[in-house]
Amino acid sequence: MRQRLQGTDLIRAVPSAAPFCSLSLGSSTDSLDTANLSRRRITKSEKSISSEDPNNPLQTKTDDQQETPGPEERILISEVQIKGVTGELEQVAKDAIALQPNFAYTLEEVQDNVVRVFDTGYFATCQPIAEDTRDGVRVILKVTANPELRRLVVTGANALPQRVVEDEFQEQYSKTLNYKSFKRALERLNSWYEERGIFGQVVDADLSEAGECQLKVQEAVVSKVTLRVLDRESGDPIKGQTKPHVIMRQLSTRPGQVYNLRQARRDIDAVYSMGILEDVNMLPQVMGVGVPGDRWQPCEGAEGGGWWRSGWGRWQPCEGAGAEKGRGAGDAGSPVRMLGAGGGARGVNAWGGVTGQDPDAGKPVRMFGAGGRGLMQLVVSPEDPGMVDLTLNVVERKTGGFSAGGGLSARGLVEGALAGFVGSCAYTQRNLFGLNHKLSASAELGQVDSLFRVNHTDPWVWGDKYRTSRSISMQNTRSSGNAVHGKAIDEGAQDGTSASTSDGGVVIHRLMGGVEYSRPLSVTGWNGTMGMTWQRAGVKDDHSRPLLVDAYGSPLTFSGTLSDLSFVSLLRLVYNPTKTDSQLVLSTEQALPLKPDWLNFNRMQVRADRTIRLGPARLSLLGKGGAIIGDLPPYEAFPIGANWPAPFP
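Going by the UniProt record's numbering, the sequence shown wraps up at 649, each residue one higher than the last.
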């Protein structure tokens, strides 16, 4: 048999004949707060010691009826006995009391000692009895010890590991239950939820006389996730340009999972990193039992900002009073939209109680800042207590645009402004067809150098479970090679003159196209890329006439023909931890000679950088290196200082 105590009481002084009680660890409306497991002290009003009370257990027993002393009058205690337990528990009770034989105490002081016995946590009941003796009053404390904890059954714990529960209660098995130690263990279980951002806690503990304890855990389970696109100006729901599944696939939170605040934050970061949204937030709406849906409750308030009371009994700030439209901040950032100006407002209570008990159900909800009397709707559901509905609110940004510009390159500073003039234009679209595809087309034109590039990126190919992305690019470039393969200078000529009469410089033409696939790896912080690139490269002069050798007679192509062809495979690993400003890039490229005259080489590169914060300043460290084995075309050389070219890129 069990006796259940509702509310937050752990034990009370009950008659010794009553069976052992169960423990209620907190009201259901506070199920996301720390479990309140405490014992209620016996107050004077509940346990006053008076001889006039026939049920008073501390009533002196005498042969002749005597006048019992008042509460403030001292009585002589001749002896103190503990009955009901022996051994260690008896010694625990004796150590807890401060009553000493042959000393006088008031009835209130005797009562305080009874409470001190309860405070040890080992006893379910404590009944004080007084017997009159020749030498004074003998005080007998009749106690009932708690049962031994022999078995622990946990229900409702989907996220809480069994190992955590076993570790917390392992030292309490096969021992007399101590409520204080038991309470601390439950608080540590609740702390486990809080530290991990999981909405859950222990809400009830039922302990039988046989020593079997049943813990009931309440965890907020996600019922559904809803997407809502809001207007940038008014905040009203609108039909967005982005396909809903493109946004929702970024979420790792799914219906049926336990709601995790940390996981929700990661989901928000993932959605925001798409680059097409300017504002993202996720609002939980806890479903419980309250007023029926669509019932509006009166609220009162005055002009100006103030507070509104949520279904959890906490006051939350709200704004928008006296304005046509406003928002109030509820639990965990949940909005309270108030419509109306001056005379009233409507607020939506986005919570309503987590486990089915709304303390404010059917009562007026006081809302200061409503500009008078208004209405507040408690949005709750009586069907699924403990379930959480998530609403993902997003505001889209402008995703496409055209840009153009112009300027002077470094060459213009040497050869004149006209030779160094550069013009550019570009078109970008980050949300092509509402699928978050990225398309960019750019062009840069100069007197010699030019660049035409088209790139298309699909950040999530066909909804692949590994989040694989694909990038396709094509480009056509012209770049000057005069720095390495420039005109030969006659050493006998005067400064500023050239003995060479060769027309034009050296211009390197490249036409290339490629595709790359990237995806996050199973190891945290690592990202892998694999791709293929085709390239045709040749050299011409300023008049677009093919060149095979430079001014020094050195070949300009590796094959000796007008152009070199290559088909290169790429493998790249990038380590970019989220908690540090550092990055490591490892890459290797292998040219595949599909034909005898195609290039065959292997290029390896390593780059590492890290930023160290030194107070208000930052120190950036960068290192890189690489090597090429195999065929290296001459046009890949570049100057490394002075007049010495390097034979590798």
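Every residue, glycine too, gets a C-beta built ideally from N, C-alpha and C.
Whole-angstrom distance between residue j and residue i, CA atom to CA atom
i: N178; j: E171; result: 11 Å
i: A537; j: V549; result: 14 Å
i: K398; j: L435; result: 14 Å
i: L392; j: Q263; result: 14 Å
i: L451; j: V515; result: 19 Å
i: residue 708; j: G615; result: In the structure as shown, the chain starts at 1 and stops at 649, and residue 708 therefore has no counterpart that could be examined.
i: Y635; j: S559; result: 12 Å
i: I640; j: G405; result: 30 Å
i: G407; j: G513; result: 28 Å
i: Y259; j: F182; result: 27 Å
i: E131; j: L207; result: 34 Å
i: P284; j: L439; result: 35 Å
i: V422; j: L562; result: 28 Å
i: D95; j: D269; result: 57 Å
i: L186; j: L261; result: 21 Å
i: M474; j: G156; result: 56 Å
i: V139; j: A205; result: 34 Å
i: V394; j: V271; result: 9 Å
i: Q100; j: D167; result: 41 Å
i: E209; j: R467; result: 55 Å
i: N482; j: Q535; result: 22 Å
i: P633; j: L619; result: 37 Å
i: A591; j: E444; result: 28 Å
i: P244; j: D267; result: 15 Å
i: G531; j: S566; result: 14 Å
i: T580; j: K175; result: 48 Å
Rounded Cβ spacing between residue i and residue j (contact assumed at less than 8 Å)
i: N146; j: F123; result: 7 Å
i: V115; j: P128; result: The pair is not a contact, with the Cβ atoms about 11 Å apart (cut-off 8 Å).
i: V203; j: V154; result: At roughly 12 Å, the Cβ-Cβ gap does not stay under 8 Å, so V203 and V154 are not in contact.
Closest residue to residue i among the options (Cα-Cα distance)
i: L570; options: L562, T588, S582; result: T588
i: V164; options: G84, K83, L189; result: L189
i: W598; options: Q583, V568, G625; result: V568
i: P255; options: V388, A637, S403, S559; result: V388
i: R184; options: I640, G121, M282, G156; result: G121
i: W462; options: S563, R249, T144, D581; result: R249
i: S471; options: N431, Y427, Y517; result: Y517
i: A159; options: D135, S582, G200; result: G200
i: K624; options: V585, D581, K595, D135; result: V585
i: S469; options: H437, D449, G486; result: H437
i: P546; options: D564, G531, L251, T533; result: D564
i: G630; options: P593, L619, A93; result: P593
i: R430; options: Q590, K595, V246; result: V246
i: T529; options: S544, N482, R572, D542; result: R572
i: T125; options: G136, V143, R232, D135; result: V143
i: L251; options: V229, M282, Q162, V574; result: M282
i: R228; options: L390, Q81, Y105; result: L390
i: Y173; options: E148, K180, P161, Q162; result: E148
i: A93; options: L141, S582, D135; result: L141
i: V574; options: V606, P596, V137, N527; result: N527
i: L432; options: G400, A426, D449; result: G400
Environment of residue i [buried if 16+ CB atoms lie within 10 Å]
i: K465; result: exposed
i: K540; result: buried
i: L152; result: buried
i: K83; result: exposed
i: T226; result: exposed
i: I276; result: buried
i: R603; result: buried
i: D490; result: Residue placement at D490 is flagged as unreliable, the pLDDT there being 43, under the threshold of 50; the coordinate-derived value follows with that caveat. Classification for D490: exposed.
i: S273; result: exposed
i: P459; result: buried
i: H485; result: buried
i: P577; result: exposed
i: T86; result: exposed
i: A98; result: exposed
i: E396; result: buried
i: A13; result: Reliability of the predicted coordinates at A13 is poor, the pLDDT of 30 falling under 50, and the value obtained from them is presented with this limitation in mind. Its Cβ being crowded by 16 or more others within 10 Å, A13 is buried.
i: G446; result: buried
Check whether the segment 232 to 242 touches the segment 211 to 223, counting contact only when three or more Cβ pairs, one atom from each stretch, lie closer than 8 Å.
-> no
So does the segment 72 to 82 actually touch the segment 106 to 114, counting three or more Cβ pairs closer than 8 Å?
-> yes
Touch test, the segment 460 to 478 against the segment 507 to 518, Cβ-Cβ under 8 Å, three pairs minimum = yes
Does the segment 554 to 564 come within contact of the segment 516 to 532, defined as at least 3 CB pairs closer than 8 Å?
-> no
Would you check if there are 3 or more beta carbon pairs closer than 8 Å linking the segment 220 to 228 to the segment 188 to 195?
-> no
Decide if the segment 606 to 613 is in contact with the segment 446 to 461; the criterion is three or more beta carbon pairs, one per stretch, under 8 Å apart.
-> no
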